[in-house]
Structures are given as structure tokens and as C-alpha cells.
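Residue numbers (UniProt numbering): 1 to 217.
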């Protein structure tokens with residue numbers, strides 16, 4: 001990347017936003033996605049932090065019912081998309097919200113695994129964001145830059161190509177004066193074959209990091 005482009009800019013990196021969940025995923029359960037909040041029992045722990053932000057937060061039970069049309073949903077706290085007892089209930093969420101507000105971010109990007117998507121706001125609704133033209137322009141530039149590596153990333157506003165995600169970080173960032181995006185890193189969706197794609201092999205880590213670093217800067 002051209003380093004002159006970022007002179008005069010402040011770039012903030014958050015390497016890990018869910019330290020307890022990350023540690024647990026490396027030591028006990030590889031595909032753990034929530035934090036480690038104690039709920040009703042050791043079998044029902046954690047909150048999905050990317051549904052816990054205060055902007056457009058929703059009771060996760062409303063989302064669960066659509067996924068269990070023929071069977072009763074599991075207890076709310078046991079669901080993988082449990083959004084927490086209230087908006088911004090988790091210390092990890094509170095810390096990120098404070099960072100977004102205090103740093104006065106112009107653009108924020110939340111990196112996820114996986115699928116090869118670039119998701120612009122909004123993800124909680126199909127209503128267009130007031131700055132839709134800017135979003136389409138920035139998202140298109142990011143898609144073109146990521147395509148330089150040969151990977152086929154798909155850009156869209158989140159709720160139009162995936163599913164509703166109320167209370168997510170990118171939408172929160174897009175509600176505070178900046179614009180927030182989510183990048184679902186490689187493998188891209190047509191190359192995915194199973195759950196293990198969420199933890200790609202070691203030889204994919206560096207190429208994925210490099211292509212996203214170059215694209216962002």
C-alpha cells in the first residue's frame with residue numbers, strides 16, 4: 001500500500017475483541033463464538049457480542065423462532081445468537097462502543113470468518129442508509145482491491161445478501177457519524193465445504209491477512 005495515503009490519519013487496530021471467548025476457542029471448543037458470560041448453567045454460557053451493541057438491539061428469541069419453525073426453540077441463553085439480557089450488557093461491547101465514540105472514527109471495519117463478503121450498513125434492516133452512495137462507493141473500492149488477490153469477494157448491504165443481524169458492531173459504527181463495514185474473510189462462499197472453514201488452515205492465514213491489509217490501506 002502507498003504509505004503516503006495514511007499520513008495524517010489515525011488508524012486504530014483492535015486485534016481481539018473477545019479475549020475470553022478466543023482463549024476458550026483455542027483451549028476447549030474450537031468453534032465457540034460467544035463470550036464467556038455465565039448464564040443459567042455451565043451448558044448455556046456466553047453472549048453473541050456482534051448482536052449486543054445498543055443500536056438496533058433485539059431480543060434474540062425473536063430471531064430464534066424463525067429458525068425453529070417445526071420445533072420449540074432452545075432456551076434463550078443457550079442459543080448461539082443470544083444477544084444478551086439488554087443492549088450493551090457486556091464489558092467487551094461497552095469497551096468497543098466507547099472506542100468508536102471517543103476515537104471519532106470515520107470508517108470502521110469488523111473482520112469476520114468467513115465467506116468472502118463485504119457487508120455495508122444496514123444489517124438489521126433493508127431500509128437504505130442515508131449515506132448509501134458513499135457506502136456503495138467505498139464498498140466497491142474495497143471489493144476491487146480485494147479482487148486483486150484473485151479472491152471473488154461479494155459486496156452488498158448486509159441484510160440483502162445474508163440475514164438480519166440486529167445489534168451488530170458495523171451498524172453501531174454507522175449510527176455514530178462514521179460508516180461501518182463487515183468483511184467476511186476467505187474462504188469465499190463457493191469454496192466453503194463445512195464448519196471447519198471458520199478456522200481455515202495455517203497456510204491461508206497470511207494470504208488472508210495480506211490481502212485485507214493491502215485493500216484497507
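C-beta: ideal position from N, C-alpha, C; glycine also.
Everything numeric in this text was worked out from a predicted model, so none of it was measured.
Could you compute how far the alpha carbon of residue i sits from the alpha carbon of residue j?
i	j	result
residue 211	residue 104	26 angstroms
residue 53	residue 76	18 angstroms
residue 110	residue 97	13 angstroms
residue 18	residue 201	21 angstroms
residue 37	residue 45	6 angstroms
residue 139	residue 31	28 angstroms
residue 84	residue 43	16 angstroms
residue 25	residue 208	20 angstroms
residue 219	residue 8	Coverage of the chain is limited to positions 1 through 217, which leaves residue 219 absent and any answer about it impossible.
residue 34	residue 162	20 angstroms
residue 65	residue 79	In this predicted model, residue 65 has a pLDDT of only 45, less than 50, meaning its place in the structure is not dependable enough to derive any value.
Would you mind stating whether residue i and residue j have Cβ atoms separated by less than 8 angstroms?
i	j	result
residue 234	residue 15	Within the shown structure, residues of the chain are numbered from 1 to 217, placing residue 234 beyond reach of any answer.
residue 214	residue 145	yes
residue 135	residue 183	no
residue 120	residue 151	no
residue 221	residue 159	Past the boundaries of the shown model lies residue 221; the chain is included only from 1 to 217, so the question cannot be answered.
residue 100	residue 173	yes
residue 123	residue 164	yes
residue 49	residue 90	yes
By alpha-carbon positions, which one of the options ends up nearest to residue i?
i	options	result
residue 168	10, 57 and 44	57
residue 81	101, 108, 112 and 47	47
residue 181	132, 208, 198 and 32	132
residue 107	175, 23, 26 and 32	175
residue 155	142, 163, 165 and 166	142
residue 179	33, 129 and 23	129
Can you determine whether any heavy atom of the ligand FMN sits closer than 7 angstroms to the C-beta of residue i, and answer yes or no?
i	result
residue 155	The model on display carries no ligand, and the ligand FMN is accordingly not part of it.
With a threshold of 16 other CB atoms inside 10 Å of the CB of residue i, please say whether the residue is buried or exposed.
i	result
residue 51	buried
residue 206	exposed
residue 13	exposed
residue 177	exposed
residue 185	buried
residue 95	exposed
residue 93	buried
Under 8 angstroms between C-beta atoms, does residue i make it to chain D?
i	result
residue 177	Given the protein chain composition of this structure (a single chain), no chain D is represented.
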